[in-house]
Amino acid sequence: MYKILFACPIRWYRNPMALQERTLKKEILKMVVGFHRFQQRFFNNQDSHLYEHLSSIGQSPKTLMIACSDSRVDPAILFSSSPGEMFVVRNVANLVPPYESNMGFHGVSAAIEFAVANLKVENIVVLGHRQCGGIRSLFQPENVLKGGFVAQWMTIAETAKLKVLEKDPHGDLDTHCRDCEKESIVISLQNLRSFPFIQDAIKNRGLELFGVYFDLENGHLWNYNDATHVFDEVTLNGLRATNLP
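In structure tokens, the structure reads:
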């Protein structure tokens, strides 16, 4: 049975606390109150015209962000981004499958195509992170449903796991997971380059690909260096950018 979560729109539009009488779960009530705060900030504040502007011009994000579904790793929060700046795709373990020409249900590939071919993004960022449950399931397959969607999806990163084990066969689980989290970013970057429309965008309009790794245990960010094949910590030292706000 589906539940009607947001009934009586006129009432809670003006007073979200009116939904308390419906004995909603506290998590859902928190969402409603949170939306009210968002509404007050972006729609009922005469000093804010962001959504009025975005609704009139449409979206034109410069960056496609491919991130994990992990609830602790929200790209908009992590990079202090405003609405309209990033086109975000999230899935288990921030993976990109290789290009396939068969017309199946390719949700991630469809989103990537829309961002590159339609929105003409200038950058693609693959954002991995520490303590990724999807990556850990490669080493502890009993943690996910046997023969399920997650297990099948994670085969995309199987070569990353094998590379890590070959390089360090005697490492502990945490080390293997950390190294595989990074190596799977590289796999996704390689898979991105298998899409014909990405190859075309790189060649003809300078589309750039980036792989970054967020260590949520200590708040550090690392960028994959394609020349040295290592992850370098991201700092502001010596950093230059045009039109940096």
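316 is the number that the working numbering gives to position 173 of the sequence shown; each next residue is one higher, with no gaps.
C-beta atoms are modelled at their ideal positions from N, C-alpha and C, and glycine is treated no differently.
In the DSSP assignment, V269 falls within the unbroken beta strand (DSSP E) covering N266 to H272.
In the three-state scheme derived from DSSP, where H, G and I count as helix and E and B as strand, N347 is classed as helix. N366 has V355 and D375 as its beta-bridge partners, per DSSP. In the structure shown, V216 adopts coil according to DSSP, grouped into three states.
Taken atom to atom, the span from the alpha-carbon of G276 to that of Q189 is near 43 Å. A contact between stretches requires three or more CB pairs, one per stretch, nearer than 8 Å, and the segment 290-297 fails this requirement with the segment 362-381. The criterion of a C-beta distance shorter than 8 Å is satisfied by R273 and L359.
The straight-line gap separating the alpha-carbon atoms of I341 and L167 is approximately 45 Å. The alpha-carbon separation between S244 and A260 amounts to approximately 16 Å. Secondary structure of M229 (DSSP, three-state): strand.
For C320, the enclosing alpha helix (DSSP H) covers residues L316 to L335. Within the same chain, and ignoring the five residues on either side of P240 in sequence, the residues whose Cβ sits closer than 8 Å to its Cβ are H249, V251, S252, I299 and N334. DSSP places N361 outside both helix and strand once states are collapsed to three, so it counts as coil. The Cβ atoms of K205 and E228 lie closer than 8 Å to each other.
Inter-residue distance for W365 and Q182 is about 35 Å (C-alpha atoms, whole angstroms). The three-state secondary structure of M246, taken from DSSP, is coil. It is roughly 13 Å from the alpha-carbon of R180 to the alpha-carbon of L172.
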